[in-house]
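Engineer:
Numbering (the UniProt record's numbering), first residue to last: 1 to 207.
#1: Going by DSSP, which residues form a beta bridge with residue 148?
#2: Would you report the Cα separation of residue 203 and residue 146, rounded to the nearest angstrom?
#3: Thinking just about the alpha-carbon of each residue, which of 98, 149, 135 is nearest to the one in residue 108?
#4: Can you tell me where the alpha helix (DSSP H) holding residue 179 begins and where it ends?
#5: Between the alpha carbons of residue 205 and residue 132, how many angstroms are there, rounded?
#6: Consult DSSP for residue 111 and reduce its assignment to one of helix, strand or coil.
#7: Can you tell me the Cβ-Cβ gap for residue 42 and residue 75, rounded? I've got them flagged as a contact below 8 Å.
#8: Excluding sequence positions up to five away, which residues of its chain have a Cβ less than 8 Å from the Cβ of residue 181?
#9: Would you call residue 188 buried or exposed, if buried means 16 or more other Cβ atoms sit within 10 Å of its Cβ?
#10: Does the Cβ of residue 106 have 16 or more other Cβ atoms within 10 Å, making it buried, or fewer, making it exposed?
#11: Does the distance from the CB of residue 129 to the CB of residue 98 come in under 8 Å?
#12: From what residue to what residue does the alpha helix (DSSP H) around residue 82 run?
#13: Near residue 200, which residues of its chain fall below 6 Å by C-beta distance, leaving aside the five closest residues on each side in sequence?
#14: If you run the structure through DSSP and keep just helix, strand and coil, what is residue 229?
#15: Take residue 80 as the anchor and find which of 110, 134, 125 has the nearest alpha-carbon.
#16: Is residue 57 buried or exposed, if buried means 16 or more other CB atoms sit within 10 Å of its CB?
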């Protein structure tokens with residue numbers, strides 16, 4: 001999993017907020033971004049999702065067709081964030097500044113697997129990733145499935161910004177975060193790093 005919403009400068013650059021396996025992470029404080037709206041994507045948003053991934057400079061870029069499928073078939077568990085009111089000519093909703101792609105595990109629909117999170121550089125460090133996670137988890141029951149009680153994602157060991165994002169979110173939702181084995185480097189044919197699995201459990205409902 002990739003995310004491009006690193007911590008702000010008032011957050012430490014270490015992973016101390018992750019805590020030991022099975023413990024509750026400590027919350028961090030970030031100033032939310034004003035004027036942000038979040039909604040499920042439509043087929044017309046697939047291109048914006050692809051561009052955000054491309055322009056991130058760090059995400060594994062999938063085909064444009066893959067993002068169209070995510071926006072079409074998995075809209076209930078994906079989200080797109082917009083900034084502004086469109087006064088600058090970017091459309092009625094404003095400029096797309098972030099997206100999250102995720103899906104329910106087929107064998108365990110109460111578990112949400114987060115695939116990618118991308119945030120535009122102008123909006124990073126302002127809790128956009130957290131807003132995207134809140135939106136998709138809190139609305140999960142609306143798609144006819146069970147409430148999401150567990151979140152899975154895979155993150156390389158050197159991707160400290162992604163780990164901080166998920167540690168902060170787990171803390172905000174009163175959940176625990178632990179790490180376990182995920183995909184080993186040998187599973188990938190192209191020299192990809194291993195992707196350990198992060199498990200967030202005990203997600204507190206929205207207030």
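A virtual CB, placed ideally from N, CA and C, is assigned to each residue, including glycine.
Structural biologist: So, from the data block:
#1: Answer is none; residue 148 lacks a bridge partner.
#2: Distance from the CA of residue 203 to the CA of residue 146, rounded to the nearest whole angstrom, comes to 13 Å.
#3: Of the listed residues, the one whose Cα sits closest to residue 108 is 149.
#4: Unbroken run through residue 179 is the beta strand (DSSP E), 176-183; no alpha helix (DSSP H).
#5: In this structure, the straight-line span from the alpha carbon of residue 205 to that of residue 132 is close to 15 Å.
#6: Residue 111: strand per DSSP, three-state reduction.
#7: Their Cβ separation, rounded to whole angstroms, is 7 Å, which keeps residue 42 and residue 75 in contact under 8 Å.
#8: 196, 197.
#9: For residue 188, the number of other beta carbons within 10 angstroms of its own is below 16, and it is reported as exposed.
#10: With fewer than 16 Cβ atoms within 10 Å of its Cβ, residue 106 is classed as exposed.
#11: Yes.
#12: Element bounds for residue 82: not the alpha helix (DSSP H) but the beta strand (DSSP E), 79-83.
#13: Excluding five sequence positions before and after residue 200, the CB atoms of its chain that fall closer than 6 Å to its own CB belong to 151, 170, 175, 177, given in chain order.
#14: An answer regarding residue 229 cannot be provided, because it is not within the stretch 1 to 207 covered by the chain.
#15: Here the closest residue by C-alpha is 134.
#16: Classification of residue 57: exposed, given that the 10 Å Cβ count is below 16.
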